[in-house]
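Beneath this line is the structure, given in structure tokens, with notes to follow.
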């Protein structure tokens with residue numbers, strides 16, 4: 001009997017060899033500030049495929065130059081960027097992994113934009129952030145179209161899934177939070193509306209059998225921030241708009257208030273389980289889950305369908321193979337490349 005973490009998984013047309021996800025993690029390594037992945041990104045992602053990861057999600061990739069956290073981030077605002085992504089995706093597939101991409105806009109957290117944009121003119125705390133200007137209603141509608149354009153390019157590049165970044169204080173999150181959305185138009189009266197319109201715009205550009213993931217901050221830690229009940233209401237609206245899977249994280253909207261994250265291994269798992277149970281949808285759990293026994297327990301206990309590993313993947317490109325062996329998977333079943341078998 002194999003470990004639950006290493007059982008196959010299917011969502012629509014996405015078939016994974018195991019339940020391990022490489023969480024999207026910014027590398028800040030674009031050399032020409034043109035948004036195109038380079039040799040660093042190629043080695044970074046392909047090596048995790050060699051290491052046996054079921055699903056690799058390419059880091060936050062932005063829909064507009066001024067939507068980047070920094071000028072060294074990836075982007076998909078131009079057709080010229082597609083071939084560099086396609087090269088990586090083709091090689092990841094060659095090593096048996098599936099690959100997706102997280103598309104986003106940083107909003108008021110765009111550090112290098114001359115004038116960042118946001119739902120409302122509220123600055124993110126910290127010296128490195130600038131005062132944003134509030135988007136007009138027409139600009140908000142245009143922004144949703146940019147997400148759709150980026151999704152079209154991602155599909156052209158060959159991805160197996162797309163993830164929308166609605167967490168960690170970036171633009172979609174800014175719209176869904178009363179702390180950062182103080183508009184008086186339809187996007188202020190309905191905090192889910194922008195996320196719904198982005199979801200619909202992206203869904204139109206995706207094949208029907210390609211799953212759409214949504215990374216959500218399930219709670220906010222700033223004083224006055226929303227709680228899990230609000231996140232569940234948001235997630236319900238996003239599911240109805242076309243989201244298939246929720247990738248459940250938390251925080252990122254500002255400095256901690258009276259409520260603080262636990263910080264211990266698995267501290268966000270109850271949030272993932274709450275959304276899974278409330279909406280009966282697949283979820284990805286994330287947050288210090290790099291201990292193989294803990295990652296196994298998350299899946300075996302039904303807390304989540306998939307487990308995302310972040311820092312553990314940075315430390316070890318072959319985390320998935322090593323986790324399989326630690327959980328008693330036979331070496332011949334652990335996906336060890338033939339070239340490396342002698343090492344095991």
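In full-length UniProt numbering, the protein residues as written are 1 to 344.
Every residue, glycine too, gets a C-beta built ideally from N, C-alpha and C.
*So what does residue 173 bridge to, in DSSP terms?*
For the purposes of this step, residue 173 is taken as the residue at position 173 of the chain shown. Bridge partners of residue 173: none, in fact.
inquiry  = Using 8 Å for Cβ pairs, my map puts residue 125 next to residue 255. What's the rounded Cβ distance?
reply    = To locate residue 125, count along the chain shown from 1; it is residue 125. To locate residue 255, count along the chain shown from 1; it is residue 255. Their Cβ separation, rounded to whole angstroms, is 6 Å, which keeps residue 125 and residue 255 in contact under 8 Å.
Figure out for me which residue from 113, 95, 155 and 79 has the closest Cα to the Cα of residue 102. Here the question's residue 102 lines up with position 102 in the chain shown. Among 113, 95, 155 and 79, the Cα nearest to that of residue 102 is on 155.
Query raised in the report: Between residue 324 and the rest of its own chain, which residues show a CB-CB distance below 6 Å, the 5 nearest in sequence each way excluded?
Result: Taking the chain shown and counting its residues from 1, the one referred to as residue 324 is at position 324. Answer for residue 324: 6 and 334, listed in chain order.
Assuming residue 102 is part of the beta strand (DSSP E), what are its boundary residues? Along the chain shown, one-based indexing puts residue 102 at 102. From DSSP, the beta strand (DSSP E) with residue 102 extends over 98-104.
Can you tell which of 59, 33 and 29 has the C-alpha that lies nearest to the C-alpha of residue 215? As a position in the chain shown, residue 215 is number 215, starting the count at 1. Among 59, 33 and 29, the Cα nearest to that of residue 215 belongs to 59.
Within 10 Å of its beta-carbon, does residue 206 have 16 or more other beta-carbons around it, so buried, or fewer, so exposed?
Mapped onto the chain shown, residue 206 falls at position 206. Residue environment: residue 206 is assigned as buried (16 or more neighbouring CB atoms within 10 Å of its CB, all protein chains considered).
- Task: Give the straight-line distance between the Cα atoms of residue 68 and residue 234, rounded to the nearest whole angstrom.
- Result: In the chain shown, the residue the question calls residue 68 occupies position 68. In the chain shown, the residue the question calls residue 234 occupies position 234. About 24 Å.
| said: Check whether the segment 71-78 and the segment 132-140 touch, using three or more Cβ-Cβ pairs below 8 Å as the test. | reply: no
- [ ] Could you please give me the residues that DSSP links to residue 10 through a beta bridge?
- [x] On the chain shown, position 10 is the one that residue 10 refers to. Answer is 15, bridged to residue 10.
Return the Cβ separation of residue 148 and residue 201 in integer angstroms, given the expectation that the two are a contact with Cβ distance under 8 Å. As a position in the chain shown, residue 148 is number 148, starting the count at 1. As a position in the chain shown, residue 201 is number 201, starting the count at 1. The C-beta distance from residue 148 to residue 201 rounds to 4 Å, short enough to meet the 8 Å contact threshold.
Q. Under 8 Å, do residue 15 and residue 24 count as touching if we go by C-beta distance?
A. Residue mapping note: residue 15 aligns to position 15 of the chain shown, counting from 1. Residue mapping note: residue 24 aligns to position 24 of the chain shown, counting from 1. Not a contact, by the Cβ cut-off of 8 Å.
Review point. Can you tell me whether DSSP reads residue 62 as helix, strand or coil?
Key: Translated into the one-based positions of the chain shown, residue 62 becomes position 62. Strand, per DSSP.
- Straight-line Cα distance separating residue 88 from residue 275: On the chain shown, residue 275 is found 275 positions in, with the first residue counted as 1. On the chain shown, residue 88 is found 88 positions in, with the first residue counted as 1. Answer to the nearest angstrom: the Cα atoms are 33 Å apart.
Problem - Inter-stretch contact (C-beta, 8 Å, three-pair minimum) for the segment 172-181 and the segment 93-113 - result: yes
Going by other Cβ atoms of all chains shown within 10 Å of its Cβ, with 16 needed for buried, is residue 146 buried or exposed? The residue given as residue 146 occupies position 146 in the chain shown. By the C-beta density criterion, residue 146 is buried, having at least 16 other C-beta atoms within 10 angstroms.
- Message: Which complete beta strand (DSSP E) runs does the segment 136-218 hold, if anything under 3 residues is left out?
- Response: As far as the segment 136-218 is concerned, its whole beta strand (DSSP E) runs of at least 3 residues are 161-166 and 212-217.
With the cut-off set at 8 Å, would you say residue 197 and residue 144 are in Cβ contact? The count along the chain shown starts at 1 and reaches residue 197 at position 197. The count along the chain shown starts at 1 and reaches residue 144 at position 144. The answer is yes: Cβ separation under 8 Å.
Review point. Do you know offhand how far residue 2's Cα is from residue 308's?
Key: Stepping through the chain shown from its first residue, residue 2 is reached at position 2. Stepping through the chain shown from its first residue, residue 308 is reached at position 308. Cα to Cα, the separation comes out at about 19 Å.
Backbone CA spacing between residue 319 and residue 22 [nearest angstrom]:
Taking the first residue of the chain shown as position 1, residue 319 is located at position 319. Taking the first residue of the chain shown as position 1, residue 22 is located at position 22. So the two alpha carbons sit approximately 10 Å from each other.
* DSSP three-state call for residue 243: helix, strand or coil? -> The residue you call residue 243 lines up with position 243 of the chain shown. Coil at residue 243, not helix or strand.
Item checked: As assigned by DSSP and simplified to three states, the class of residue 249 -> For the purposes of this step, residue 249 is taken as residue 249 along the chain shown, with counting starting at 1. Correct three-state label for residue 249: strand.
Taking the alpha helix (DSSP H) that residue 285 belongs to, which residues open and close that run? Residue 285 sits at position 285 when you count from the first residue of the chain shown. Looking at the DSSP string, residue 285 is not in any alpha helix (DSSP H); the run it does join, the beta strand (DSSP E), is 283-286.
To the nearest angstrom, how far is it from the Cα of residue 331 to the Cα of residue 153? Within the chain shown, numbered from 1, the residue matching residue 331 stands at position 331. Within the chain shown, numbered from 1, the residue matching residue 153 stands at position 153. Distance between the alpha carbons of residue 331 and residue 153 is about 38 Å.
At 4 residues or longer, and completely inside the segment 288-342: list those alpha helix (DSSP H) runs for me, N to C.
-> 292-300, 311-315 and 319-326
Tell me where the alpha helix (DSSP H) around residue 30 begins and ends.
The residue labelled residue 30 in the question sits at position 30 within the chain shown. Boundaries cannot be given for residue 30, as no alpha helix (DSSP H) includes it and DSSP labels it neither H nor E.
Which listed residue (336, 213, 292 and 158) has its alpha carbon closest to that of residue 167 = Taking the chain shown and counting its residues from 1, the one referred to as residue 167 is at position 167. Cα-wise, what sits closest to residue 167 is 213.
Checklist entry - Is the beta carbon of residue 310 less than 8 Å from the beta carbon of residue 283? => result By 1-based counting over the chain shown, the position of residue 310 is 310. By 1-based counting over the chain shown, the position of residue 283 is 283. No, they are not a contact pair.
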